[in-house]
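Novice: Would you mind keeping the following structure in view while I ask a few things?
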Amino acid sequence: MTRVPGTTMLDAIAHEILTPDAVETIATEVSVVLNKLHTLRQSPSDAGKVMLSASGHDLPDPVVFFEDRSGPYSSIVELWAHCGDYSDLAEMKGDVDPATLDIMAADPIRYVHPDLRFYNIIVRDGHLSGIIDWEDSGWFPSSWQVHTLRWPRFGCNGPWLQYWLKYRFSKEAEAAYAASKSFLIKSPV
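If you number the sequence shown the way this note's numbering does, the last residue is 645 and the count never jumps.
Printed below as a string of structure tokens:
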């Protein structure tokens, strides 16, 4: 293991080392990493499973503020039923418009960093040096990354949040993100 040179983006912002333009530059560089992650594909034995770690195990459960673990789920819609606080998939199907379910099911499964906030971004000289805290990353619907980067909270605010609010993810991820807001009570991340 090698130490990533630099400082967290959080510290750089707190010490006023980064300008809003530098934050945008770093966010653009992070988007290049995200595009490379989107080229990864699941192994055939795990195809279709979500909330699945790289090692094939469960991940921290967002419904209970990550204090328990859950997953993997056999489908994207099954995961969203869990996050939507439905007792099961049948209850969700009885409550959510079928067109919304189709949009959610069409969202491609991608490898996602679910805590991609500026305290996990390492910067150096105004550029991305590295991304840390990958242990809870795994296979999720691609819209999960959109939720991660567009939900205002500590580590995702100011120019960083503004960049991701304007950034356009894939058509399927954007559609699923918009559709998920019709049944989710809170962000899944």
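Backbone N, C-alpha and C fix where the C-beta goes; we use that ideal spot for every residue, glycine too.
These figures come from a predicted structure and were not determined experimentally.
Taking the alpha-carbon positions, what's the I641 to V519 distance?
Specialist: Computed Cα separation, rounded: 10 Å.
Novice: How should G512 be labelled, buried or exposed, when 16 other C-beta atoms within 10 angstroms of its C-beta is the threshold for buried?
Specialist: The residue in question, G512, is exposed, as its Cβ has fewer than 16 Cβ neighbours within 10 Å.
Novice: Going by C-alpha to C-alpha distance, which of G586, N576, S593 and A562 sits closest to T458?
Specialist: Of the candidates G586, N576, S593 and A562, the one whose C-alpha sits nearest the C-alpha of T458 is G586.
Novice: Could you please give the first and the last residue of the uninterrupted beta strand (DSSP E) stretch that includes H538?
Specialist: Per DSSP, H538 belongs to no beta strand (DSSP E); it is in the alpha helix (DSSP H), I532 to C539.
Novice: Output needed for K483: all residues of its chain with C-beta closer than 6 Å, excluding positions within five of it in sequence on either side, in chain order.
Specialist: Reading off the sequence, residue 483 comes out as Ala, not Lys. Cβ neighbours of A483 beyond the five flanking positions: Y619.
Novice: Using 8 Å for Cβ pairs, my map puts V506 next to L535. What's the rounded Cβ distance?
Specialist: Correct: roughly 5 Å between the Cβ atoms.
Novice: Buried or exposed: which applies to L621, given that a residue is buried once 16 or more other Cβ atoms fall within 10 Å of its Cβ?
Specialist: When all chains shown are included, L621 counts as exposed.
Novice: Which residue comes first and which comes last in the beta strand (DSSP E) that contains S585?
Specialist: It spans H583 to I587 - the beta strand (DSSP E) in which S585 sits, taken as one unbroken run.
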